[in-house]
Amino acid sequence: MEIPFVDLRAQYRQIQGEVDPAVLAVMQRGDFVLGGAVAEFERAFADYCGVKYCVGVDSGYSALEMIVRAYDIGPGDEVITAANTFIATVLAISNAGATPVLVDCDPETYNIDVTKIEAAITPRTKAIMPVHLYGQVADMDAILAIARKHNLYVFEDAAQASGARYKARTAGSLGHAAAFSFYPGKNLGAYGDGGAVTTNDPDVAEKVRLLRNIGQKVKYFHEIKGFNHRLDTMQAAVLGVKLPYLDGWNASRRRAAATYADLLADLPLVTPAAADDAEHIFHLYVVRVADREALMDHLKSKGIATGLHYPIPIHLQPAYAELGYKRGDFPVTEEYAELIVSLPIFPELDDDKVAYVADAIREHMAARGVAEKLPEAMAAD
Ligand SMILES: *Cc1c(COP(=O)(O)O)cnc(C)c1O
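Numbering (this note's numbering), first residue to last: 1134 to 1514.
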């Protein structure tokens, strides 16, 4: 059996009958740039998230950067985010001219450790940008309480969390603004790059609309200096077809995750923890295990693909030497970067395939006589 990390073709086969005509219709209409499908998808996605406004942009990265810029955050300002995120979160802050300030992750949920946020706040702090990592919403009530106390904005990096819920609310509706990625492998993926900003603030929505479209609302009338970060019309058409399926696909991911958790429960590895009140939608299924390279090699020999999210924390990347962090600054992030491995997960991963992966892991553990007990350092306390 071959089990890819994600299988985008399986999903395409499911919706081909709807998606092909939707894309062809764009060509027939010829409204290629900011065409009707963009506005239609923006309305549908805003409603889905439970917010007033959605502005389609060309990537999750752009969505994050446009948010930072829309709030006039730039040189001299600081934005707090998670040390164990994907680099795009941090790039959006620094490319807007502001300074990223990193905070270690919670040892259970992998999301920003809310008990460490206040120590990172300075007079320059303007916003907190929690990341709903791996598809689980961060501890938003605690983050919003800290933000209110210190008069800060909260921007959700919801790139991995399309459709994730928190206390019956949907990711993207929980802070001042949120960024989504529609990169093909994300839970709601386009057939190329795409992203969106959601917000309830009409001025922010308007500013992002200007920023994404060379600063103009009326053609050749430029109110501000903008960019070209528009959501492509064909991608919007694809997303419009896919959105009604999102909840079902996320439910399938949750089911696969539950099967993994069942089948791996007695093995010496740590499966994902479900936070209170958060409905994890498993963009990634990340476990912690000792000697992961050996496990990854064994799985590869069985035709099973795995991933690492992410192998080198941002503060240890050459690109961010300028921040002045050193090894030891974010101990949980650093330790987990050595232990995490992402197992295949996608909506079409049925129980037989999950069992095949789990069996391969069990076989590896047995062959190596891996201890029944986790090494002390791996147990989250
Ligand atoms: C994917 C991702 C992004 C960036 O999205 P792109 O569409 O690839 O630009 C940002 N933040 C996180 C956490 C992501 O996973």
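Idealized CB from N, CA, C, for every residue including glycine.
Computed from a prediction, not measured in an experiment: that's the story for all the values here.
Nonlocal neighbours in the same chain, by C-beta distance under 8 angstroms from residue i, ignoring five residues either side
i       : result
Asp1514 : Summary for Asp1514: the model assigns pLDDT 44, below 50, so the residue's position carries little reliability; its value from the coordinates is reported in the next sentence. For Asp1514, where only same-chain residues beyond five positions count, the Cβ hits under 8 angstroms are Pro1240.
Ala1408 : Glu1241, Thr1242, Asn1244, Gln1269, Val1270, Asp1272
Val1159 : Phe1165, Gly1168, Ala1170, Thr1366, Met1367, Ala1370
Arg1257 : Gly1209, Asp1210, Glu1211, Thr1232
Tyr1299 : Val1270, Met1273, Leu1307, Asp1410, Ala1411, Glu1412
Ala1155 : Ala1170, Ala1370, Val1371, Gly1373, Val1374
Leu1277 : Val1287, Leu1307, Gly1308
Lys1259 : Tyr1204, Ile1206, Asp1210, Glu1211, Val1212, Ala1231, Leu1285, Tyr1286
Cβ neighbours of residue i in the same chain (closer than 7 angstroms, five flanking residues each side left out)
i       : result
Ala1275 : Val1247
Asp1140 : Phe1479, Glu1481
Ala1355 : It should be pointed out that residue 1355 corresponds to His in this sequence rather than to Ala. The residues are Ile1347, Gly1348, Gln1349.
Ala1404 : Strictly speaking, residue 1404 in this sequence is Thr, with Ala absent from that position. These residues qualify, in order along the chain: Tyr1393, Ala1394, Leu1397, Val1420.
Lys1207 : It is worth fixing the name first, because residue 1207 is Gly in this sequence and not Lys. Taken in chain order, the residues that qualify are Ala1229, Gly1230, Ala1231.
Ala1143 : Glu1481
Gly1150 : none
Glu1198 : Ala1225, Asn1228, Ala1229
Ile1136 : Gly1436, Ile1437, Ala1438, Pro1477, Lys1486, Tyr1489, Val1490
Val1201 : Val1212, Ala1225, Ile1226, Ala1229, Ala1231
Contact test: residue i Cβ vs ligand 1 heavy atom, cutoff 6 angstroms
i       : result
Ala1221 : yes
Ala1278 : no
Gln1293 : yes
Asp1246 : no
Asp1462 : no
Gly1102 : The requested residue 1102 does not occur in the structure, where the chain is confined to residues 1134 to 1514.
Asp1365 : no
Tyr1453 : no
Val1270 : no
Ser1314 : yes
Thr1218 : yes
Val1264 : yes
Asp1239 : no
Asp1483 : no
Gly1328 : yes
Asp1336 : no
Asp1290 : yes
Cut-off 6 angstroms between Cβ atoms - residues of its own chain near residue i, not counting five sequence neighbours on either side
i       : result
Val1337 : Ala1203, Ala1310
Arg1388 : none
Ser1314 : Gly1193, Ala1292, Gly1328
Val1223 : Pro1233, Ile1447
Gly1461 : none
Leu1379 : Gly1296, Leu1321
Leu1417 : Tyr1267, His1442, Ser1475
Asp1326 : Asp1191, Ser1192
Short Cβ contact (7 angstroms threshold) for residue i with residue j
i       : j       : result
Ala1225 : Tyr1181 : no
Lys1435 : Ala1493 : yes
Val1152 : Val1374 : yes
Thr1218 : Val1190 : no
Ala1078 : Ala1370 : Since the first residue shown for the chain is 1134 and the last is 1514, residue 1078 is missing from the structure and cannot be characterised.
His1442 : Tyr1458 : no
Met1134 : Val1212 : no
Gly1163 : Thr1303 : no
Val1188 : Val1330 : yes
Gly1440 : Ser1385 : no
Asp1290 : Thr1466 : no
Leu1321 : Ala1177 : no
His1431 : His1362 : no
Ala1312 : Ala1172 : no
Phe1415 : Ala1390 : yes
Ala1221 : Leu1235 : no
Lys1185 : Asn1333 : yes
Proximity test, residue i beta-carbon vs ligand 3 heavy atom, cut-off 6 angstroms
i       : result
Gly1305 : Looking for ligand 3 in the displayed structure turns up nothing; the ligands present are ligand 1.
Considering only residues of the stretch 1140-1220, which uninterrupted beta strand (DSSP E) runs meet the minimum length of 3 residues and lie entirely inside it, listed in chain order?
Every unbroken stretch of the beta strand (DSSP E) spanning 3 or more residues and falling wholly within the stretch 1140-1220 is given here in chain order: 1186-1190, 1211-1215.
Runs of beta strand (DSSP E) lying entirely within the stretch 1412-1498, each at least 3 residues, in chain order
1418-1421, 1473-1476
Ranges of the alpha helix (DSSP H) found wholly within the stretch 1375-1410, counting only runs of at least 4
Runs of the alpha helix (DSSP H) inside the stretch 1375-1410: 1379-1397.
Note down, one range per segment and in chain order, each alpha helix (DSSP H) of at least 4 residues found wholly within the stretch 1251-1327.
Listed in chain order, they are 1273-1283.
Please give the ranges of any alpha helix (DSSP H) in the stretch 1330-1376, keeping only runs that are unbroken, at least 4 residues long and fully inside the region.
1335-1345, 1366-1375
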